[in-house]
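Chains as they are written, first to last, in this note's numbering: chain P, 547 to 870; chain W, 39 to 376; chain A, 310 to 584.
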Amino acid sequence: MAERNVESVNKVREAVSQDLLGGRIDLLLGWEKGHYWWQSRPLFARSEADLEKLAWDSFCAVNLSRYLLEELKDHDKVGVLVKGCDARAFNRLLQDNMVRREQVILYGLPCPGMLDYNRLVEKAGGAPLEITEENGRVIIKVGSGEQEAQRDDLLLDKCKDCRYPDPAVYDQLLFSPQGEKEVTERFKTVEELEEMSAEERFGYWEKELSRCLRCYACRQACPFCSCRECFVEQENPRWQGRAYQPSENFMFHLVRAYHGTGRCIDCGECERSCPVDIPLQELNRKLIKDINELYGDYEAGLDPEQEPPLLTYRPDDPAAFSEK
Amino acid sequence: MKKVIAREKLPELWKSLAAKGPLFLPIQEGPVVLFQPWSEGAEANLDAVNTAVSAKDVFLPREETYLQYRCSGNQLELIPVENAEPVIAFGVHPCDLKAVEMLDKVYLDQEPSDELYRQRREKTTVVGLSCREPDPFCFCNEFGINPADAPGADVMAHLKNGLVLLEARTDKGKALLDQAGDLLQDGSDEKFEAAEVKTADFGLNLEGLPENLKERFEDPVWDELYKSCLGCGVCTYVCPTCYCFDVEDFGHEGEGQRFRCWDSCMYGHFTDMAGGHNPRAGRKERVRQRFMHKLQYYPETFNEIACVGCGRCLRSCPVNLDIVQAIKALGGETVEQR
Amino acid sequence: MSSANVLMPQQATILDITEETPDIKTLRVVGKEGMPFDFMPGQCAMLSVPPVGEAIFSITSSPTCRECLEFSIKDVGNVSGALHGLQPGQQIGIRGPYGNGFPIEKMKGKDILFIGGGIGLAPLRSLIGYCFAHREEFGHIDIVYGARSPADLIRKSEVRESWAAEPDTSVYLTVDAEFPDWNGHVGFVPNYVSELAFKPEGRIALTCGPPIMIKFVLQALDKLQFSPEQVITTLEMRMKCGVGKCGRCNLGSVYVCKDGPVFSLDELNALPSEY
Ligand code: SF4
Ligand code: SF4
Ligand code: SF4
Ligand code: SF4
Ligand code: SF4
Ligand code: FES
Numbered sequence: 547m548a549e550r551n552v553e554s555v556n557k558v559r560e561a562v563s564q565d566l567l568g569g570r571i572d573l574l575l576g577w578e579k580g581h582y583w584w585q586s587r588p589l590f591a592r593s594e595a596d597l598e599k600l601a602w603d604s605f606c607a608v609n610l611s612r613y614l615l616e617e618l619k620d621h622d623k624v625g626v627l628v629k630g631c632d633a634r635a636f637n638r639l640l641q642d643n644m645v646r647r648e649q650v651i652l653y654g655l656p657c658p659g660m661l662d663y664n665r666l667v668e669k670a671g672g673a674p675l676e677i678t679e680e681n682g683r684v685i686i687k688v689g690s691g692e693q694e695a696q697r698d699d700l701l702l703d704k705c706k707d708c709r710y711p712d713p714a715v716y717d718q719l720l721f722s723p724q725g726e727k728e729v730t731e732r733f734k735t736v737e738e739l740e741e742m743s744a745e746e747r748f749g750y751w752e753k754e755l756s757r758c759l760r761c762y763a764c765r766q767a768c769p770f771c772s773c774r775e776c777f778v779e780q781e782n783p784r785w786q787g788r789a790y791q792p793s794e795n796f797m798f799h800l801v802r803a804y805h806g807t808g809r810c811i812d813c814g815e816c817e818r819s820c821p822v823d824i825p826l827q828e829l830n831r832k833l834i835k836d837i838n839e840l841y842g843d844y845e846a847g848l849d850p851e852q853e854p855p856l857l858t859y860r861p862d863d864p865a866a867f868s869e870k
Numbered sequence: 039m040k041k042v043i044a045r046e047k048l049p050e051l052w053k054s055l056a057a058k059g060p061l062f063l064p065i066q067e068g069p070v071v072l073f074q075p076w077s078e079g080a081e082a083n084l085d086a087v088n089t090a091v092s093a094k095d096v097f098l099p100r101e102e103t104y105l106q107y108r109c110s111g112n113q114l115e116l117i118p119v120e121n122a123e124p125v126i127a128f129g130v131h132p133c134d135l136k137a138v139e140m141l142d143k144v145y146l147d148q149e150p151s152d153e154l155y156r157q158r159r160e161k162t163t164v165v166g167l168s169c170r171e172p173d174p175f176c177f178c179n180e181f182g183i184n185p186a187d188a189p190g191a192d193v194m195a196h197l198k199n200g201l202v203l204l205e206a207r208t209d210k211g212k213a214l215l216d217q218a219g220d221l222l223q224d225g226s227d228e229k230f231e232a233a234e235v236k237t238a239d240f241g242l243n244l245e246g247l248p249e250n251l252k253e254r255f256e257d258p259v260w261d262e263l264y265k266s267c268l269g270c271g272v273c274t275y276v277c278p279t280c281y282c283f284d285v286e287d288f289g290h291e292g293e294g295q296r297f298r299c300w301d302s303c304m305y306g307h308f309t310d311m312a313g314g315h316n317p318r319a320g321r322k323e324r325v326r327q328r329f330m331h332k333l334q335y336y337p338e339t340f341n342e343i344a345c346v347g348c349g350r351c352l353r354s355c356p357v358n359l360d361i362v363q364a365i366k367a368l369g370g371e372t373v374e375q376r
Numbered sequence: 310m311s312s313a314n315v316l317m318p319q320q321a322t323i324l325d326i327t328e329e330t331p332d333i334k335t336l337r338v339v340g341k342e343g344m345p346f347d348f349m350p351g352q353c354a355m356l357s358v359p360p361v362g363e364a365i366f367s368i369t370s371s372p373t374c375r376e377c378l379e380f381s382i383k384d385v386g387n388v389s390g391a392l393h394g395l396q397p398g399q400q401i402g403i404r405g406p407y408g409n410g411f412p413i414e415k416m417k418g419k420d421i422l423f424i425g426g427g428i429g430l431a432p433l434r435s436l437i438g439y440c441f442a443h444r445e446e447f448g449h450i451d452i453v454y455g456a457r458s459p460a461d462l463i464r465k466s467e468v469r470e471s472w473a474a475e476p477d478t479s480v481y482l483t484v485d486a487e488f489p490d491w492n493g494h495v496g497f498v499p500n501y502v503s504e505l506a507f508k509p510e511g512r513i514a515l516t517c518g519p520p521i522m523i524k525f526v527l528q529a530l531d532k533l534q535f536s537p538e539q540v541i542t543t544l545e546m547r548m549k550c551g552v553g554k555c556g557r558c559n560l561g562s563v564y565v566c567k568d569g570p571v572f573s574l575d576e577l578n579a580l581p582s583e584y
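Written out as structure tokens, the structure reads:
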């Protein structure tokens with residue numbers, strides 16, 4: 547693909563290969579290409595040959611931090627490529643005592659936002675053959691010619707309203723930072739939902755959740771869902787049944803979302819993983835918004851030293867329920 | 039029997055067909071297309087290549103209640119629940135229908151046969167729909183499937199220049215077209231040859247793969263392949279040839295129902311025994327189970343690979359770990375491609 | 310029509326409940342019209358207690374008992390826990406029988422060695438009862454049975470009194486450690502089997518018990534020169550359907566619920582060791 551990518555991937559490879567081949571890390575978590583140029587999958591690199599496959603382009607959406615949960619069992623020291631959201635995910639795991647900082651080397655990748663293949667298809671009006679990127683614009687090649695689009699219009703949903711594309715934590719930053727982004731629409735849908743009457747809102751969620759397969763992929767992909775045993779599988783008491791009933795749907799989604807209050811890092815991996823596109827971010831962001839309004843601005847995963855609001859007690863905490 | 043109808047007339051057809059019982063169609067549900075019962079106002083989408091979740095939902099529903107219980111004191115009443123009403127599944131693509139035939143082998147051919155499945159299967163009239171433009175993930179050619187034809191369909195439908203051509207191939211199919219009555223016009227003059235459709239070529243070579251895998255349960259391949267898997271189960275929920283289920287009760291001590299619902303070998307819970315032992319305790323064992331089941335265990339029993347190349351696991355796996363990658367890792371790749 | 314639904318349980322009633330050990334109870338169960346179904350030793354049945362659910366248990370009574378089915382159940386999970394909480398007279402759901410059962414044809418004319426540990430006696434007991442009822446079809450019968458403590462031995466009086474009194478039958482009991490009220494053999498089951506030095510000639514060995522015990526029993530039998538075809542065991546898996554459809558109990562293309570749970574060691578050796 548584009549020259550820019552070749553250059554940048556070489557830079558990443560250079561940075562990590564010293565550490566991996568020199569034995570500073572036992573494993574590098576990165577990405578490699580999938581079947582197509584617009585697909586990437588996690589790469590578990592241990593050798594030079596593995597590093598040959600390394601990819602860093604506009605299609606590296608998978609959050610790698612979560613793999614630390616397993617890989618740190620088998621490796622003393624692991625290197626991870628982290629975008630903004632991956633780094634916040636790392637902080638999340640750190641705050642939950644699921645990983646130890648000294649076991650991990652983070653290679654920070656300021657993130658331009660990842661592109662959505664479906665948006666490319668939509669924009670191009672057909673299967674894109676390849677793309678080139680230049681100054682915030684994307685040229686999409688299709689069978690019949692070329693289409694040009696604004697990069698921002700092609701982003702994955704999870705990247706659209708990302709406020710912190712730069713890694714909040716790293717050992718080495720591999721490119722120059724992007725700076726905090728101004729996001730205007732992060733809470734737009736949440737606000738629209740808040741405008742609805744309770745009945746309308748219930749109806750909205752009942753309909754959206756009705757297609758939930760309850761595969762729990764959203765949980766599996768999530769960096770805050772790192773409990774050894776999730777309430778969903780607990781046998782005794784059996785909190786969560788498997789029936790496809792509205793009550794069971796709501797049970798799962800409300801408990802999942804609440805467990806993320808002040809802990810969800812807004813990475814959107816849940817929604818990206820959902821096979822039936824349930825707008826999970828709307829639930830998560832409602833809680834983020836509430837937390838911001840009740841306890842002052844709080845961005846989970848930015849600063850591991852800053853306790854999540856619901857895990858701290860201050861005498862002047864608002865008592866929302868009794869006030870309303 | 040051959041009939042035609044103009045595409046813009048389809049809602050009328052849906053209405054008339056749905057009057058007699060559930061009519062399943064690829065329905066646009068917000069951002070995704072799902073095989074669902076049509077109701078007035080629902081937006082059918084016949085142009086979608088493949089529904090996000092396969093058409094197996096019609097035959098082996100994600101949830102199926104089969105008994106009702108009532109308890110009082112010592113007494114327990116167990117009342118069977120009848121499920122099967124005549125159903126029309128309209129717009130089933132050739133890969134999905136082929137997959138249903140694979141489910142038939144498990145649920146019907148293999149003793150004891152499964153009555154819940156049999157009733158749904160027998161009472162469903164399938165309208166197959168040929169594919170015009172496969173997406174980059176479709177690779178059904180690899181399994182000898184012709185996207186232009188679904189041999190097992192009761193009625194075969196083709197989309198052609200604003201028309202839908204319908205050819206009844208079974209008595210059930212004829213009955214369905216009869217049921218639509220005047221809405222359909224005679225189509226005996228229409229040509230039904232759908233164009234040949236080429237699907238993605240991933241350079242696979244499936245020849246002898248099942249036999250080769252027989253000795254590879256302990257292969258080092260498994261130590262790597264599973265690593266990216268999140269254990270999310272999406273691949274199996276969307277897959278048309280996956281058929282595993284769970285059985286659970288919904289209700290309280292007094293009364294309730296028992297149902298079966300989809301389950302997946304990708305979940306730890308699937309094989310977790312009371313008392314704590316789990317024969318497939320980790321993601322490695324579970325990923326191996328999924329791919330071995332498709333590529334070796336099922337073929338060993340039923341003589342074909344349990345994949346139809348619908349591409350759903352390629353589309354939906356959040357980390358792009360799919361059957362094509364597995365086949366390649368296991369050596370099912372043509373030599374030139376390597 | 311739905312009666313043919315293989316997942317549909319029939320109604321059954323608990324006749325009585327015997328407390329065997331602190332965590333094992335034996336339930337005697339009848340169907341609406343006597344026996345819920347015919348079965349062979351080694352087969353299993355699904356018992357259900359709504360709304361808790363269903364679980365599979367081996368039938369411990371002998372098919373020659375025509376009054377009821379017996380299940381010795383250890384309290385390890387939700388359904389077994391719920392069954393433990395029930396009283397005689399309570400109705401439950403039952404379906405079955407499932408599985409292949411023990412290879413009786415293969416055992417005929419042979420000396421039989423039963424090796425059981427703890428709750429593992431349950432499936433063997435069905436077969437032992439069958440052998441006694443068809444005594445002339447089998448040679449000498451040896452029964453080695455052990456548990457952690459005397460309190461954990463099930464069907465104690467039956468084993469000691471009735472079985473030991475059967476013709477051409479030897480019973481060997483053992484517990485893992487010394488106990489004040491125990492003057493029998495002390496030691497683990499596998500060691501006891503080695504000590505007793507059974508000869509493999511013309512003999513079939515059947516073993517059921519905790520996985521770790523089975524593992525060492527198999528080693529002991531191997532040392533005693535039993536060939537894999539002479540050794541038979543049963544497997545336990547999580548099961549939901551019992552009929553090879555729900556997909557969770559497989560070893561390769563073999564489904565334990567349908568093609569097992571009884572396997573000879575040579576059969577087992579040919580399968581992926583995923584149990
Ligand atoms: S990933 Fe989607 S379909 Fe699966 S449980 Fe979560 S919301 Fe439901
Ligand atoms: S809930 Fe979703 S957005 Fe929030 S941390 Fe988890 S995966 Fe990311
Ligand atoms: S969809 Fe992908 S990540 Fe999820 S269980 Fe399947 S292979 Fe694993
Ligand atoms: S394994 Fe993947 S491609 Fe094959 S039938 Fe299943 S979902 Fe489709
Ligand atoms: S065992 Fe796994 S791969 Fe096979 S049908 Fe069941 S869920 Fe699908
Ligand atoms: S219990 Fe369902 S397949 Fe064995």
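For every residue, glycine included, the Cβ atom is placed at its ideal position computed from N, Cα and C.
For LYS579 of chain P, the uninterrupted beta strand (DSSP E) run begins and ends at 573–579, by DSSP. According to the DSSP assignment, ILE126 of chain W belongs to the beta strand (DSSP E) that extends over 125–130. For the pair PHE297 of chain W and GLU101 of chain W, the CB atoms are nearer than the 9 Å cut-off.
A distance criterion of 8 Å places the beta-carbon of GLY386 of chain A beyond contact range of ligand 6, judged by its closest non-hydrogen atom.
In the DSSP assignment, LYS383 of chain A falls within the beta strand (DSSP E) that extends over 378–383. Across the structure, ALA442 of chain A and GLY351 of chain A are spaced so that their CA atoms are roughly 16 Å apart. Along the segment 253–272 of chain W, the positions whose C-beta sits under 8 Å from a C-beta of chain P are GLU262, LYS265, SER266, LEU268, GLY269, CYS270, GLY271, VAL272, read in chain order.
When DSSP states are grouped into helix, strand and coil, PRO75 of chain W belongs to the strand group.
The C-beta distance from PRO132 of chain W to CYS178 of chain W rounds to 7 Å, short enough to fall under 8 Å. According to the DSSP assignment, GLU794 of chain P belongs to the alpha helix (DSSP H) that extends over 792–805. Of the candidates P:VAL608, P:TYR841, P:GLY691, P:ALA763, the residue whose Cα lies closest to the Cα of SER302 of chain W is P:ALA763. Not a single C-beta of chain P is nearer than 9 Å to the C-beta of ALA86 of chain W. Residue burial is scored here from C-beta neighbours: PHE798 of chain P has at least 16 other C-beta atoms within 10 angstroms and is therefore classed as buried. Taking 3 residues as the minimum length, the beta strand (DSSP E) runs contained wholly in the segment 597–661 of chain P are 624–628, 650–654, in order along the chain.
Neighbours of HIS307 of chain W in chain P, taken as residues at a C-beta separation under 7 Å, are given in chain order as GLU779. One alpha carbon belongs to LEU600 of chain P, the other to PHE721 of chain P, and they sit about 17 Å apart.
Secondary structure at PHE255 of chain W: coil, using DSSP grouped into helix, strand and coil.
The three-state reading of DSSP puts PHE177 of chain W in coil, since its state is none of H, G, I, E or B. When only Cα atoms are considered, PHE230 of chain W and CYS267 of chain W end up about 43 Å apart. In this structure, ligand 5 has a non-hydrogen atom nearer than 8 Å to the beta-carbon of MET304 of chain W. Relative to the Cα of PRO360 of chain A, the nearest Cα in the group P:PRO861, P:ALA789, P:ASP836 belongs to P:ALA789. Identification of chain A residues near THR339 of chain W by a Cβ-Cβ cut-off of 7 Å yields SER562, ordered along the chain.
For the 9 Å CB-CB criterion, SER357 of chain A and VAL388 of chain A form a contact. In the three-state reduction of the DSSP assignment, ALA195 of chain W falls in the strand class. Within chain P, the residues whose beta carbon sits less than 8 Å from that of ARG100 of chain W are LEU759, TYR790, listed in sequence order. Residues CYS771, CYS776, VAL778, ARG802, CYS816 of the same chain have their beta carbon placed closer than 8 Å to that of ARG765 of chain P, with the five preceding and five following residues left out of the count.
For the segment 195–238 of chain W, the full-length beta strand (DSSP E) segments reaching 3 residues or more read 201–206 along the chain. When DSSP states are grouped into helix, strand and coil, LYS706 of chain P belongs to the helix group. Counting only the Cα atoms, LEU242 of chain W lies some 34 Å from VAL624 of chain P.
Rounded to the nearest whole angstrom, the C-alpha separation of ARG318 of chain W and GLY394 of chain A is 31 Å.
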